[in-house]
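Following: one structure in structure tokens, then a few remarks.
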Amino acid sequence: MQHEPDKLKKFLGFFPYSEFKPSQLPVMEFVSNVVEKKGIGLVEAYCGFGKTISTLAPVFEAGKKVLLLSPTHTARNAGIAEALRINKVNGKKLMVADLRSKSHMCFMFPHSRFSYEACWRFRKFKECDFFKSTYYGKELSKKAKKAIAEAEALVFYNPEKFFPENNIKKEPNFFREVEKISRENNVCFYEIMKQIIQKADLVVLDYYWCFTELFASLKALINPKDFVLLIDEADLLVDRLYNSLHTKLAFQGVKDLVSQLKQILKDEEELDKEKHMLKRILKDMEPDNKKSASDGKSTLNEADLEFLKEFSSHTVKLLQFLPPKKPLLPEKIMWEYIHGFEKSTQSNDLKTPIAFDDIVKNIERITNLIDSDNGSEKARFRPDLFLKRLSQIRGSEQHITFISESQEIFIKPFEIKCEILSSGLTAAETLKQFYSAILFSATIGDENLFMEEFGLDSKTSVFKLSRMPHENLTLIIDTELDSTFSNRTANAPKYASKVKLLLETDSSLLVSCCNQFETNQIIKAIPEIENATDKENLDAGKPYALNIRTKHARSTNKASKVRNCIVMGLPLPDYSDFYFKQRKNYLEEKYGKKHTGKLINRKAVDIAVQLLGRITRDLKNPKALILADKRYKNDYFLQDFYYKIIPKYLKPYIQFASNNKELKTQVQGFWKKVRPKPRIAA
306 MQHEPDKLKK
316 FLGFFPYSEF
326 KPSQLPVMEF
336 VSNVVEKKGI
346 GLVEAYCGFG
356 KTISTLAPVF
366 EAGKKVLLLS
376 PTHTARNAGI
386 AEALRINKVN
396 GKKLMVADLR
406 SKSHMCFMFP
416 HSRFSYEACW
426 RFRKFKECDF
436 FKSTYYGKEL
446 SKKAKKAIAE
456 AEALVFYNPE
466 KFFPENNIKK
476 EPNFFREVEK
486 ISRENNVCFY
496 EIMKQIIQKA
506 DLVVLDYYWC
516 FTELFASLKA
526 LINPKDFVLL
536 IDEADLLVDR
546 LYNSLHTKLA
556 FQGVKDLVSQ
566 LKQILKDEEE
576 LDKEKHMLKR
586 ILKDMEPDNK
596 KSASDGKSTL
606 NEADLEFLKE
616 FSSHTVKLLQ
626 FLPPKKPLLP
636 EKIMWEYIHG
646 FEKSTQSNDL
656 KTPIAFDDIV
666 KNIERITNLI
676 DSDNGSEKAR
686 FRPDLFLKRL
696 SQIRGSEQHI
706 TFISESQEIF
716 IKPFEIKCEI
726 LSSGLTAAET
736 LKQFYSAILF
746 SATIGDENLF
756 MEEFGLDSKT
766 SVFKLSRMPH
776 ENLTLIIDTE
786 LDSTFSNRTA
796 NAPKYASKVK
806 LLLETDSSLL
816 VSCCNQFETN
826 QIIKAIPEIE
836 NATDKENLDA
846 GKPYALNIRT
856 KHARSTNKAS
866 KVRNCIVMGL
876 PLPDYSDFYF
886 KQRKNYLEEK
896 YGKKHTGKLI
906 NRKAVDIAVQ
916 LLGRITRDLK
926 NPKALILADK
936 RYKNDYFLQD
946 FYYKIIPKYL
956 KPYIQFASNN
966 KELKTQVQGF
976 WKKVRPKPRI
986 AA
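For the sequence shown, this note's numbering begins at 306 and goes up steadily by one.
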């Protein structure tokens, strides 16, 4: 790709490093072109490439603000770090903001005891000293303005103060520093960060702020059209969207709510007996405009308990008579509740039947009150969320699964692209609310499948890096075995023999298994292997085993010093899961078996590649990686599908081994080539 010199000079104004990494300039040009067209773009590049700065710089150069969405605090800090470095090195004044959940930012309640209902109540009745200190009427107080000014001064003029030891190469602690400033000024940290957002050039948030009902709150703070939306680790977003629409109804959950309500009523009754007279005296002495928070609180009562117990009873009957493992109509479940409450009203000589919406509202009110009670635990279950979702999907069979063994029904869509999120938009429509959108990750896989599942059209632009600048890397696909469920017991000793073979060459080895069963088997077979799950960092000279499906496969660099890694098997979805079977059948009827196989296994390689990316993040040190499953090369049903979705930047390093002898020869040959020969004394 040809680079325009004038364009590159503009990027340099927002690039805080002395030189560009290989291929960073083409990515910047790609992002610049997408933003100029107000379009949507996908970027796939290896871990350690510098995707964050490569997307930030062109957007700032275009004069636009950035909203960066990321699923982890570590990745969000990376975005903050780049903006602070730009301020320090390039002399810019980019304001940054990092808004997290209220429970993580509240000074009034500890995280474990926080509830939104209690927060609202304390603010409404002016019981929260931090909130009272933040506003003077509807305007910001002097203390709040002072806190914001202190944060701005640091960001603009002393950004290095946010980094440990003033070293801007390290991870910043912007969030904690603003928290400290807020506490010192005795103001609400959450409200201060909301104010900062309204003037920030870079806002970092979790995915949920754009893809749930929280989007309405975000739009009250910013105008999306002023921002380019950057989505980090985009391959995770589809899963997060499915999970945001996942809700369930379980008898045990409803039973727990009943128990909680009973305990609250019991506690209140005992409290009333002890303090009834004192409360009456205090109430009479207080002026009307200075009532305590409890005076305005709607309390739970015996009628609420009876309603919840009746709801529990109807739930039991519903779960007893539903046909197991068959598609369910939402209307059928709704009718069961309506009919149940109608019968009870008639038996009590009540003429007015209860509507489904009234059932939902009453359950929501009761659950909120349980949640907000200062003396109880947070509500353990939210059946109102299930009921609300039920009313949204009337007429659909592609959402509901009944698991008779656990006595629960859950709602989760089989496809995401046409789903209306709780924000009132589809996922694709959400992206179009912004000036432009860039989604980036180390693993996009088949971009056409990604766009199809997300609901993006053919106008979406795609940039996939073709090679890593890593000269001392090998990726061996071992085609001797496949790790299908039926073969895993028979294969265990065969995989163990491969691990022993690798340990003969080098003691630095991470064995990555596709489930905990296989992880335990390999640790049992080879006692010197340690479990990596609870390790902070992996020693460069020891062997470890890790279940690849845990959080440690991504978003952590604990394995960066490991020299050799073998991934035992292909981490496919759980084919025995009933929801998976339902979804598979639905998609096969719609698209046919071949295309469905690709859709449901689209992310199969992602987990393995993310782990390998953590190991290869250091581009200077040699690494030997093995994908030990024949399906990485060829699958009996999907042929070369899994090979094709391995990122392009890894393809130049791939070679194949069909047995242990070839594997040993290739691994030993690689290390013999990359390790310098020892010097011979004169």
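All C-beta atoms, glycine included, are put in the ideal place defined by N, C-alpha and C.
Spatial neighbours of residue i in its chain, beta-carbon cut-off 7 Å, leaving aside the 5 residues before and after
i	result
leucine 876	One detail in the question is off: residue 876 reads as proline in this sequence, not leucine. Counting only Cβ-Cβ distances below 7 Å, and skipping sequence neighbours, we find Cys819, Ile853, Arg854, Ala909, Ile912, Ala913.
glutamate 465	Lys393, Asn471, Ile473
lysine 595	A caution first: lysine 595 carries a pLDDT of 45, below 50, which makes its placement in the model unreliable, though a value can still be read off. Excluding residues within five positions, none has a Cβ falling inside 7 Å.
lysine 475	Phe468, Pro469
valine 559	Phe616, Ser617, Thr620, Phe686, Pro688
asparagine 667	Phe612
Assigned secondary structure, residue i (DSSP; H/G/I helix, E/B strand, else coil)
i	result
phenylalanine 365	helix
glycine 902	helix
lysine 278	The question about residue 278 has no answer here: the residues shown for the chain are numbered 306 through 987.
glycine 346	strand
alanine 986	No answer about alanine 986 holds up, because its pLDDT of 46 lies below 50 and its placement is not dependable.
threonine 824	helix
threonine 439	helix
valine 371	strand
phenylalanine 412	coil
tyrosine 849	strand
methionine 873	strand
alanine 402	strand
glutamate 484	helix
isoleucine 586	Residue confidence for isoleucine 586 is low, a pLDDT of 49 falling below 50, so the modelled location carries little weight; the figure read from the coordinates is stated next. Correct three-state label for isoleucine 586: helix.
alanine 834	The residue you asked about is not alanine; residue 834 is isoleucine in the sequence shown. Isoleucine 834: coil per DSSP, three-state reduction.
isoleucine 931	strand
alanine 909	coil
alanine 380	helix
lysine 434	First, the amino acid is wrong: residue 434 is aspartate here, not lysine. Note: aspartate 434 maps to helix in three-state DSSP.
C-alpha gap between residue i and residue j, whole angstroms
i	j	result
proline 363	glutamine 821	43 Å
alanine 864	lysine 805	20 Å
aspartate 928	valine 979	As written in the sequence, residue 928 is lysine, which differs from the aspartate given in the question. Their Cα atoms are separated by approximately 10 Å.
lysine 602	glycine 729	Any reading at lysine 602 needs caution, since the residue's pLDDT is 46, under 50, leaving its predicted position unreliable; the model's value is listed next. Going by the C-alpha atoms only, they are around 31 Å apart.
proline 327	leucine 780	21 Å
phenylalanine 365	lysine 614	57 Å
alanine 388	leucine 808	43 Å
isoleucine 721	alanine 732	8 Å
methionine 333	valine 665	50 Å
proline 878	phenylalanine 745	23 Å
phenylalanine 961	asparagine 939	12 Å
alanine 423	lysine 693	23 Å
lysine 397	valine 460	10 Å
arginine 488	serine 522	24 Å
serine 323	leucine 770	22 Å
isoleucine 708	serine 766	41 Å
leucine 634	glutamine 625	16 Å
tryptophan 425	phenylalanine 435	13 Å
Close Cβ partners of residue i (< 8 Å) along its chain, the five nearest in sequence each way excluded
i	result
threonine 794	none
leucine 566	Leu605, Asp609, Leu610, Leu613, Ile671, Ile675
arginine 907	Gly750, Asp751, Leu754, Phe755, Glu758, Ile950
Same chain, Cβ closer than 6 Å to residue i, five either side skipped, listed in chain order
i	result
leucine 534	Leu372, Phe739, Ala742
valine 972	Thr810, Ala929
leucine 932	Ile782, Val872
leucine 778	Lys928, Tyr958
aspartate 934	Asp787, Ser788, Gly874, Leu875
leucine 317	none
phenylalanine 335	Phe768
isoleucine 950	Gly750, Asp751, Val910
Any non-hydrogen atom of the ligand COA closer than 8 Å to residue i Cβ
i	result
isoleucine 834	With respect to the ligand COA, the structure shown offers nothing to examine, as it has no ligands at all.
Proximity test, Cβ basis, 9 Å: residue i and chain C
i	result
isoleucine 782	Among the protein chains of the structure shown there is no chain C, as only one such chain exists.
Inter-stretch contact at 8 Å, needing at least 3 Cβ pairs: the region 382-400 / the region 556-576: Proximity of the region 382-400 to the region 556-576 falls short of the contact definition, fewer than three beta-carbon pairs being nearer than 8 Å.
The region 423-432 in contact with the region 364-372 per 3-pair CB rule at 8 Å: no
Any 3 or more C-beta pairs closer than 8 Å across the region 644-652 and the region 496-515: no
In chain order, each alpha helix (DSSP H) run of at least 4 residues that lies wholly inside the region 488-558: 494-502, 513-516, 519-524, 542-549
Any 3 or more C-beta pairs closer than 8 Å across the region 746-766 and the region 337-347: yes
Every unbroken alpha helix (DSSP H) inside the region 741-821 [4 residues or more]: If we require 4 residues or more, the alpha helix (DSSP H) runs fully inside the region 741-821 come out as 752-759, 793-810.
Inside the region 657-740 only - alpha helix (DSSP H) runs reaching at least 4 residues: 661-677, 688-697, 732-736
In chain order, each alpha helix (DSSP H) run of at least 4 residues that lies wholly inside the region 601-639: 607-626
Any 3 or more C-beta pairs closer than 8 Å across the region 826-833 and the region 883-891: no
Cβ pair count under 8 Å reaching 3, the region 544-551 against the region 350-357: For the pair of segments examined, the region 544-551 was found not to touch the region 350-357: the number of CB pairs separated by less than 8 Å stays below three.
Stretch pair the region 475-493 + the region 415-427: three plus CB contacts closer than 8 Å: The count of Cβ pairs closer than 8 Å, one atom from the region 475-493 and one from the region 415-427, stays below three, leaving the stretches out of contact.
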